[in-house]
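> So for the sequence shown, UniProt numbering puts the first residue at 1; every next one is plus one.
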Amino acid sequence: MVLYPYKCLFVRFANADVVRGSIHIINLHYFMADDSMKDAIKHEVIEHLEEEAKKYIKKRFPEMYDTPMSTRPKESRLERLALPIAIAFAGLFVGIGLILVAVLGGDGNSSSSGSEGTPTVPVAQAPTDNVPVPSGSADNVPPVTDDDHILGDKDAPVKVVEYSDFACPFCASVHPTLKQIVDEYDGEVAWVYRHFPVLGTNDAAEASECIAELGGNDAFWNFTDYIFDNQATAINAASYEQQAQALGINLSSFQECVSSGRYAQKIQEQMDGGADSGITGTPGNIVIGPDGSAYLVSGAQPISEFKNVIDPLL
1 MVLYPYKCLF VRFANADVVR GSIHIINLHY FMADDSMKDA IKHEVIEHLE
51 EEAKKYIKKR FPEMYDTPMS TRPKESRLER LALPIAIAFA GLFVGIGLIL
101 VAVLGGDGNS SSSGSEGTPT VPVAQAPTDN VPVPSGSADN VPPVTDDDHI
151 LGDKDAPVKV VEYSDFACPF CASVHPTLKQ IVDEYDGEVA WVYRHFPVLG
201 TNDAAEASEC IAELGGNDAF WNFTDYIFDN QATAINAASY EQQAQALGIN
251 LSSFQECVSS GRYAQKIQEQ MDGGADSGIT GTPGNIVIGP DGSAYLVSGA
301 QPISEFKNVI DPLL
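1) On a Cα-Cα basis, can you pick out the residue from S164, A138, D139, P157 that is closest to H149?
2) Which residue from A190, P169, S252 puts its Cα closest to that of A232?
3) So is G281 buried or exposed if we call it buried at 16+ other beta carbons inside 10 Å?
4) Return the first residue and the last residue of the beta strand (DSSP E) that residue 338 is part of.
5) What separation, rounded to the nearest whole angstrom, lies between the Cα atoms of A294 and Y240?
6) Quick one: using the 10 Å Cβ neighbour count with 16 as the cut-off for buried, is T224 buried or exposed?
7) Does the Cβ of G152 have 16 or more other Cβ atoms within 10 Å, making it buried, or fewer, making it exposed?
8) Kindly confirm or deny that the region 195-208 and the region 297-314 touch, where touching means at least three C-beta pairs closer than 8 Å.
9) Quick check: what's the CA-CA separation for D251 versus Q245?
10) Run through DSSP, which three-state label would V198 get?
11) Ordered along the chain, which non-local residues of its own chain (more than five positions away) have a Cβ less than 7 Å from that of I211?
12) P290: buried (16+ other C-beta within 10 angstroms of its C-beta) or exposed?
13) Going by alpha carbons, who is nearest to V189 out of L199, D155, N217, D203?
14) The alpha helix (DSSP H) spanning Y295 covers which residue range?
15) For Y258, name the three-state secondary structure that DSSP assigns.
16) Leaving out five residues on either side along the sequence, give the residues of the same chain with a beta carbon under 6 Å from the beta carbon of F228.
17) For V182, does the three-state DSSP call read helix, strand or coil?
18) Flag this pair as yes or no: are the beta carbons of V160 and V287 separated by less than 8 Å?
19) Could you give the DSSP three-state label for E305: helix, strand or coil?
20) State the DSSP-derived secondary structure class of G248, mapped to helix, strand or coil.
21) In the DSSP assignment, what residue or residues form a beta bridge with W191?
22) Ends of the beta strand (DSSP E) at I227?
23) When you compare each of L178, N217, A167 to G200 by their alpha carbons, which one comes out closest?
24) Quick check on the burial criterion: 16 or more other C-beta atoms within 10 angstroms. Buried or exposed for E256?
25) Compare the C-alpha of Q270 against each of A300, A205, V258 and name the closest.
26) Considering only residues of the same chain and omitting the five flanking positions on each side of G215, which have a CB-CB separation below 6 Å?
27) So is Q265 buried or exposed if we call it buried at 16+ other beta carbons inside 10 Å?
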């Protein structure tokens, strides 16, 4: 897979369906174009989306622009998550393996650039001789505990910890891939779901925690399937309540749990843990080996990319 870093992004200034549709249209035009036209398409997309994204961030988070960097709180959530908020949606050209990753420039914005004008893209490197290379900061990933949501054998030697956002269309894209990994590796790989809601509010994440509290682990995973399968229409309170009832959960108990906000701290802690582990957007996946070594696989990668990291660990 060839990866090209661009100073470009798809941010959620439109709804998820519009973004997905735009990607498909761009893909079609790209594949039909000759080489010179391909370059023109990429240039136009990059230029337009960067400008639109900057407008969105400045309007949505004015304090990022109006507050001097030196006076911002060191541990400000907004500052720590400035890049994930900016990344939001990255355009994925599946057929040619081209990923456009958001790296905003300009005053008041965080950047993962190694040097000015040269963005550093946080992606999974193709392992040399099938031996994965540790990602460094991924070694800081919080350990998997009984409080985590785990699909598969909790004692599996390899675990894929996904930092995800129910509103992220690329999280919806990778969801079936991770389910396939659990099925194919049959007890050797478990999937751990953690929250990293950077595209909107915590509502869906908190609802999922209440589902887990009142319905158990299976209910939680059924809820995630429902949300990602129906993402365009399922991100709302009425939908959460409907699904809770469909899973046999008492509606009043569910409503009380959600309104209490008792899972807000857990979600914040998971976001902090993800940021400390090098997660800069969703989906952010960390593969943990039997010896505790950790490897970052960023984005909605195909199953082959995950296997390149997993297989040498088994």
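The beta carbon of each residue, even a glycine, is placed where N, CA and C say it ideally should be.
This structure is a prediction, so every number in the text was calculated from the model and none was measured.
In short:
1) Ranking S164, A138, D139, P157 by Cα distance to H149 puts S164 first.
2) Just measuring C-alpha positions, the residue of A190, P169, S252 sitting nearest A232 is P169.
3) Under a 10 Å Cβ-count criterion, G281 is classified as buried, with 16 or more other Cβ atoms of the shown protein chains found around its own Cβ.
4) Because the chain here runs from 1 to 314, residue 338 falls outside it and cannot be looked at.
5) A294 and Y240: Cα-Cα distance of roughly 34 Å.
6) The residue in question, T224, is buried, as its Cβ has 16 or more Cβ neighbours within 10 Å.
7) Here G152 is buried, its C-beta having at least 16 other C-beta atoms within 10 Å.
8) No, because fewer than three Cβ pairs between the region 195-208 and the region 297-314 fall closer than 8 Å, the two stretches do not touch.
9) Checking the sequence, you will find Leu at residue 251 rather than Asp. In this structure, the alpha-carbon of L251 lies about 6 Å from that of Q245.
10) Coil, per DSSP.
11) So the qualifying residues of the chain are A219, F220, F223, A244, L247, I249.
12) Burial call: exposed.
13) The shortest C-alpha separation from V189 is found at D155.
14) No alpha helix (DSSP H) contains Y295, which is instead part of the beta strand (DSSP E) from 294-298.
15) It should be noted that the sequence gives Val, not Tyr, for residue 258. Here V258 sits in helix by DSSP.
16) Only A172, H175 meet the Cβ criterion.
17) Secondary structure at V182: helix, using DSSP grouped into helix, strand and coil.
18) Yes; because the gap between Cβ atoms is below 8 Å, this pair is in contact.
19) Helix, per DSSP.
20) Residue state, collapsed to three classes: coil.
21) For W191, the beta-bridge partners assigned by DSSP are L151, V160.
22) Run containing I227: none in the beta strand (DSSP E); it sits in the alpha helix (DSSP H), 217-229.
23) It is A167.
24) E256 is exposed by the Cβ-count criterion.
25) Closest by alpha carbon: A205.
26) Once the five neighbours on either side are set aside, the close Cβ partners of G215 are L247, I249.
27) In this structure Q265 is exposed. Its beta-carbon is surrounded by fewer than 16 other beta-carbon atoms within 10 angstroms.
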